[in-house]
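**Student:** Protein sequences, first through last, are from chains A and B.
In terms of the numbering used here, the first sequence opens at residue 4 and continues consecutively.
In terms of the numbering used here, the second sequence opens at residue -17 and continues consecutively.
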Amino acid sequence: MKYGMEIAVAALIIVFAAVFLVQDAAIQSTLGEGEEAWGGADGEAASLIESTGYEPWAEPIWEPPSGEIESLLFALQAAIGAVVIGYVFGYWQGNRKTA
Amino acid sequence: MHIMEGFLPSPWWEIWFIVSLPFIVIGLYQLNKLVQEKREALPLLAVAGAFVFVLSSLKLPSFNGSCSHPTGTGLGAILFGPCIAAVLGLIVLVFQAVFLAHGGLTTLGANVFSMGIAGPIVAYLVYKAGIRAGANTYATVFVAAALADLVTYVVTSIQLALAFPGTAGFLGAFSAFAAVFAVTQVPLAIIEGAVIMLVFKYIVQLKPEILTSLNLLPESTVQKLREAAA
Chain A
4 MKYGMEIAVA ALIIVFAAVF LVQDAAIQST LGEGEEAWGG ADGEAASLIE STGYEPWAEP
64 IWEPPSGEIE SLLFALQAAI GAVVIGYVFG YWQGNRKTA
Chain B
-17 MHIMEGFLPS PWWEIWFIVS LPFIVIGLYQ LNKLVQEKRE ALPLLAVAGA FVFVLSSLKL
43 PSFNGSCSHP TGTGLGAILF GPCIAAVLGL IVLVFQAVFL AHGGLTTLGA NVFSMGIAGP
103 IVAYLVYKAG IRAGANTYAT VFVAAALADL VTYVVTSIQL ALAFPGTAGF LGAFSAFAAV
163 FAVTQVPLAI IEGAVIMLVF KYIVQLKPEI LTSLNLLPES TVQKLREAAA
C-alpha cells in the first residue's frame, strides 16, 4: 500500500470532524440565547483562576483590536510556516528528480 | 497551553524563567554548532520550526466543547533534540505573545518550559527508546509526537496548580486545570502524532541521508523503510 499511511491519517481526520459535528449538534441544542460554545481552553483556565479572585498583575502590551485582526495574524502565522514547509519539500523533490 | 499575561504570580513566573534559561542557552549553542557543521540539515531545521508555526496557529475544536491547539514541537525534538526544540518554541511563543496577546512576556518562561522543553524531552526520550528497542519507526514517531503534545498540557496544568492551589490543594487544583487542558488535548494529540508521522515519512522519502547524518536512524532501517514505500 503505497498511500496506506495517507489514507489512515485522512480517515482519522474525517472521524475527528464527524465526532465534532455530532457533538456540536448536541451542544448547540443545550445552549441558551447568546451563549457560545467552543471557546479556547486558555481562556477557560484564565476564568477558572479569576473565579478565585485573582487579578492578573500584567496586561498584554498589545492586543489585536478585533477578532478579525486576530484571525488575520493567526492565518499569517500558519501561512508563513506552510510556505517554508512547501518550499523545502519541493526543493528536495526537485533535487531528487534531476539527480 | 498558553498561560496568559500576568496570570502567574511571583515567585512562579521567575522560577520558570530560571528553569527554562539553561535549555535555551544550550539550544542556542547547539544551533550554532549545527549551522557551522551540518549545513545540509538547515532546510530540515526550517521545516521543524515552520511546523511549530503552523500547528500552534490551528485552534481545533475538541470533544468537550472547547478549542485548543496542537504544539508541533515533537518533530523538532525528534530531529534535533529538546534544547533546539526549546529555541523553536521560544520563537513562536514570542510571536504569539507580542502580536496575538496569546500567552505573555511575563509567563514566557513557564510557557517555554511546557511547550518547548517538557513536551520535547518526552518526545526525544520516547523516540530514542523506541528506535533502540527496534520498534516500528513510524509508530514510534507517532507516539513520541502525540505524547509531546499531551505532556505540554499536563505540565501547564501542573504549573497552574502549583501557583493556584486554592482551597482544594495541589491535587484538587491540578485535576481542575487538567480537566480544562489535558482532557481537551487527547484527541488533538492523536491528530498531531498522525500528522508528524506523515511528515516523517516524507523526510524518509525525500531526504533519507539527512536522517543517518543526524544519527536518527541506522542506514539499514532507512533502507528498509524506503523499500517498503516503493
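Glycine residues also receive a C-beta, built at the ideal position from the N, C-alpha and C atoms.
Keep in mind it's a predicted model, so treat the numbers as computed, not measured.
Which chain A residues are close to Ile173(B), counting only those with a beta carbon under 9 Å from its beta carbon?
**Tutor:** By Cβ distance, chain A contributes Val12, Leu15, Ile16 and Phe19.
**Student:** Pick from Ser195(B), Met179(B) and Met(-17)(B): whose alpha carbon is nearest that of Ala121(B)?
**Tutor:** Minimum Cα distance to Ala121(B) is reached at Met179(B).
**Student:** What are the boundary residues of the alpha helix (DSSP H) that Ser32(A) is part of?
**Tutor:** Per DSSP, Ser32(A) belongs to the alpha helix (DSSP H) from Gly7 to Thr33.
**Student:** Considering Ser38(B), what are the terminal residues of the alpha helix (DSSP H) in which it resides?
**Tutor:** Taken as a continuous stretch (DSSP letters only), the alpha helix (DSSP H) holding Ser38(B) covers Leu24 to Ser39.
**Student:** If you pair each beta-carbon of the segment 196 to 208 of chain B with each one of the segment 77 to 92 of chain B, do three or more pairs fall below 8 Å?
**Tutor:** Contact between the segment 196 to 208 of chain B and the segment 77 to 92 of chain B is absent, because fewer than three Cβ pairs lie under 8 Å.
**Student:** Have a look at Gly101(B), Cys49(B), Ala210(B) and Gly154(B) and flag the residue whose alpha-carbon is nearest the alpha-carbon of Asp45(A).
**Tutor:** Checked all of Gly101(B), Cys49(B), Ala210(B) and Gly154(B); the closest Cα to Asp45(A) is Cys49(B).
**Student:** By the three-class DSSP mapping on this structure, what secondary structure does Pro4(B) have?
**Tutor:** The answer is helix: DSSP assigns Pro4(B) an H, G or I state.
**Student:** From Gly56(A) to Met(-14)(B), what distance separates their C-alpha atoms?
**Tutor:** If I take the Cα positions, the gap works out to 16 Å.
**Student:** Which residues mark the beginning and the end of the alpha helix (DSSP H) in which Ser50(A) is found?
**Tutor:** From DSSP, the alpha helix (DSSP H) with Ser50(A) extends over Ala44 to Glu53.
**Student:** Residues in its own chain within less than 8 Å of Leu76(A) by CB, not counting five upstream and five downstream?
**Tutor:** So the list reads Pro67, once near-sequence residues are dropped.
**Student:** Compare the Cα-Cα distances from Tyr135(B) to each of Pro52(B), Leu42(B) and Ile103(B) and report the closest residue.
**Tutor:** If we check each option's Cα against that of Tyr135(B), Pro52(B) comes out closest.
**Student:** Tell me, to the nearest whole angstrom, how far the beta carbon of Cys65(B) is from that of Ile8(B); I am working on the premise that it is less than 8 Å.
**Tutor:** Correct: roughly 4 Å between the Cβ atoms.
**Student:** Please list, in chain order, the chain B residues whose beta carbon lies closer than 8 Å to that of Gly43(A).
**Tutor:** Per Cβ cutoff of 8 Å: Lys41, Ser48, Cys49 and Ser50.
**Student:** Is Glu66(A) close to chain B? Criterion is C-beta to C-beta, closer than 9 Å.
**Tutor:** Cβ-Cβ to chain B under 9 Å: yes for Glu66(A).
**Student:** Is it true that the CB of Ala143(B) sits closer than 9 Å to the CB of Ala158(B)?
**Tutor:** The answer is yes: Cβ separation under 9 Å.
**Student:** Go ahead and label Pro(-7)(B) buried or exposed: buried means 16 or more other beta carbons lie within 10 angstroms of its beta carbon, across all protein chains shown.
**Tutor:** Exposed, because fewer than 16 other Cβ atoms sit within 10 Å of the Cβ of Pro(-7)(B).
**Student:** Please report whether the beta-carbon of Ala102(A) lies at a distance below 9 Å from any beta-carbon of chain B.
**Tutor:** No, its Cβ sits nowhere closer than 9 Å to a Cβ of chain B.
**Student:** Cβ closer than 8 Å: which chain A residues qualify as neighbours of Lys206(B)?
**Tutor:** None at all; the shortest Cβ gap to chain A is about 15 Å.
**Student:** DSSP puts Leu42(B) in a beta bridge; with which residues?
**Tutor:** BP columns for Leu42(B) point to Ser50(B).
**Student:** Using only CA atoms, which one of Phe62(B), Gly85(B), Phe182(B) and Val29(B) lies nearest to Trp65(A)?
**Tutor:** Among Phe62(B), Gly85(B), Phe182(B) and Val29(B), the Cα nearest to that of Trp65(A) belongs to Gly85(B).
**Student:** Enumerate in chain order the residues of its own chain whose CB-to-CB distance from Ala164(B) is below 8 Å, with the five nearest sequence positions on each side excluded.
**Tutor:** Leu132, Tyr135, Val136 and Ser139.
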